[in-house]
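The structure under discussion appears below in the form of structure tokens.
In UniProt numbering, the protein residues as written are 1 to 210.
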């Protein structure tokens, strides 16, 4: 099974955002993106973290912009923190534009859907404040080719309750995947065919000698 994961690139982008903000922490961040084939489409999984000195409360959300080829109803959340029951507090919606936190200005194509995951549960973290992986945020697309896009989020700071809004880069599906021509053999088939040709030639030589 084909599985592609991008981690280092997104982590570097996240670090750049934090550095430019001049603070140790930033808001919600996508730290990895995984793409896997699924029933003729492709399942995109975003791992999102809540840094220390940040909290999540009802109404906090993040938006992934220009998610091409979105399969309606495919959005979901799994492996949530602090336990799996917290998946019930997340909802997924699609819009042509936004929603975008105040004073942020990502590029946003009105012809391609945005995905927004909104939290409506108890305030997190519960207990000691520390970096927390919120979960795996999943959506299915008709496409597997990647393109650069934006991720925005808004949530309050743990120390003073002020609202933190942040923007960083992420990867999204890009429309226009070209399927292989009909009848084109799979690579494995080509390898087997290549191995078969010498064997056919050897058999002919043996027949002539006989």
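Positions of the beta carbon are idealized from the N, C-alpha and C atoms, including for glycine.
Closest residue to residue i among the options (Cα-Cα distance)
{"i": "residue 145", "options": "53, 31, 36 and 61", "result": "36"}
{"i": "residue 148", "options": "157, 169 and 79", "result": "169"}
{"i": "residue 118", "options": "96, 134, 104 and 130", "result": "134"}
{"i": "residue 175", "options": "109, 75 and 153", "result": "109"}
{"i": "residue 38", "options": "74, 47, 53 and 57", "result": "74"}
{"i": "residue 163", "options": "102, 111 and 52", "result": "102"}
{"i": "residue 143", "options": "112, 90 and 97", "result": "112"}
{"i": "residue 122", "options": "96, 56 and 49", "result": "56"}
{"i": "residue 90", "options": "98, 161 and 48", "result": "48"}
Range covered by the beta strand (DSSP E) that runs through residue i
{"i": "residue 149", "result": "146-156"}
{"i": "residue 47", "result": "41-50"}
{"i": "residue 255", "result": "Past the boundaries of the shown model lies residue 255; the chain is included only from 1 to 210, so the question cannot be answered."}
DSSP three-state assignment for residue i, whether helix, strand or coil
{"i": "residue 102", "result": "coil"}
{"i": "residue 85", "result": "helix"}
{"i": "residue 138", "result": "strand"}
{"i": "residue 124", "result": "strand"}
{"i": "residue 28", "result": "coil"}
{"i": "residue 171", "result": "strand"}
{"i": "residue 115", "result": "strand"}
{"i": "residue 166", "result": "strand"}
{"i": "residue 93", "result": "strand"}
{"i": "residue 62", "result": "strand"}
{"i": "residue 36", "result": "strand"}
{"i": "residue 70", "result": "strand"}
Close beta carbons around residue i, own chain, < 7 Å, minus the five adjacent residues each side
{"i": "residue 141", "result": "41, 42, 44, 67, 68, 69, 70, 71 and 173"}
{"i": "residue 269", "result": "As shown, the chain starts at 1 and ends at 210. That puts residue 269 outside it, with no answer to give."}
{"i": "residue 106", "result": "65, 100, 150, 152 and 167"}
{"i": "residue 104", "result": "152, 165 and 167"}
Other residues of its chain near residue i: CB distance less than 8 Å, five sequence neighbours each side excluded
{"i": "residue 82", "result": "124, 125, 126 and 132"}
{"i": "residue 78", "result": "84, 87, 135, 136 and 138"}
{"i": "residue 59", "result": "118, 119 and 120"}
{"i": "residue 1", "result": "Reliability of the predicted coordinates at residue 1 is poor, the pLDDT of 45 falling under 50, and no value is obtained from them."}
Interface flag, residue i vs chain D, CB-CB below 8 Å
{"i": "residue 54", "result": "The structure shown contains no chain D, having only a single protein chain."}
Contacting residues, own chain, Cβ-Cβ under 6 Å from residue i (five flanking each side not counted)
{"i": "residue 151", "result": "30, 64, 168 and 170"}
{"i": "residue 61", "result": "116 and 118"}
{"i": "residue 80", "result": "86, 87 and 135"}
{"i": "residue 93", "result": "116"}
{"i": "residue 76", "result": "138"}
{"i": "residue 130", "result": "52"}
{"i": "residue 97", "result": "108 and 110"}
{"i": "residue 95", "result": "114"}
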